[in-house]
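Working notes for the structure below.
In the numbering used here, the protein residues as written are 869 to 1170.
Spelled out as structure tokens, the structure:
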């Protein structure tokens, strides 16, 4: 069976990628297993300068998922390239760098620094506040998504993947805007804005009041949005959001994804990505599928 995937010109040995924000820079998980077994690793989100993140509490459990408001805590792009990237590049799998910024120019500057660093793909997180637009997320405006994508493409020598926010009315329009800006691929979904309140205190459970919902609870939303986005664009899609089993991953592939991101599941079980890879292989064996890429977008609609 051939589990390899050609994604935006980059070869992945299998379709399972550790999602950004849930895998750190790989060091902790490397104590559990050989990370070269993964199709790829998307590193923790980076900003131009180091960030301490939001005030705690930053994580809260909720039925079938978690809320997080970490606030992009990271050492900054320069420290990542100097201190973390050499380890990631030594693992023998595709490394994806995830970037966040406050302006199109800042995104572009970060992309330029990362282009010659050895990363395989740059993932542009547009679920960030545009300070020049009064704090509105880049990802909620088609014009902003196109502008950021164009700015990054001008400075990047590696494929550019835009990570879309689910907190929009029409995901297809945003996906098309990324494609129009020159994106080589898109990834979705990012977390869904959500909130819990402690009834004993009357206060939100997160220090930042709201956070991002992830985990099994968001899987049906993610599959729907991946299907809509993949149906609208001609560039490849990395699907994520609530994937915790091999069957979940197959659903994503059938919906139109070429790669599948695994995030919150790794918090519950560090071996989740490997179990998902095995689950995909067993599905292929049962169905007599020789190439995993053959099932991308093959959902049979009613």
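Beta carbons: idealized from backbone N, C-alpha and C, even for Gly. Bear in mind the structure is a predicted one, so any value in this text is a computation, not a measurement.
Check, Outcome
"Name the one or two DSSP bridge partners that residue 1031 has.", "993 and 1055"
"Please specify which runs of the beta strand (DSSP E), each continuous and at least 3 residues long, are wholly inside the region 937–989, giving them in chain order.", "962–967"
"In chain order, what residues of the same chain lie with their CB nearer than 6 Å to the CB of residue 1039, ignoring the 5 residues before and after it?", "1093, 1096 and 1097"
"Quick one, are the C-beta atoms of residue 1033 and residue 1070 less than 8 Å apart?", "no"
"Taking the alpha-carbon positions, what's the residue 1118 to residue 1159 distance?", "13 Å"
"Would you give the residue range spanned by the alpha helix (DSSP H) that residue 1099 belongs to?", "1087–1100"
"In or out: residue 901 buried (at least 16 other Cβ within 10 Å) or exposed?", "exposed"
"Hey, is the region 873–889 in contact with the region 968–979, meaning 3+ C-beta pairs nearer than 8 Å?", "no"
"Please name the residue in 1129, 1153, 1138 and 1144 whose C-alpha comes closest to that of residue 909.", "1129"
"Taking DSSP's pairing of strands, which residues face residue 1062 in a bridge?", "1079"
"Tell me where the alpha helix (DSSP H) around residue 1017 begins and ends.", "1010–1023"
"In angstroms, rounded to a whole number, what distance separates the CA positions of residue 986 and residue 1055?", "20 Å"
"At the level of alpha carbons, what is the spacing between residue 1127 and residue 1046?", "18 Å"
"Is the region 1102–1121 touching the region 1142–1158, taking contact as three or more C-beta pairs under 8 Å?", "yes"
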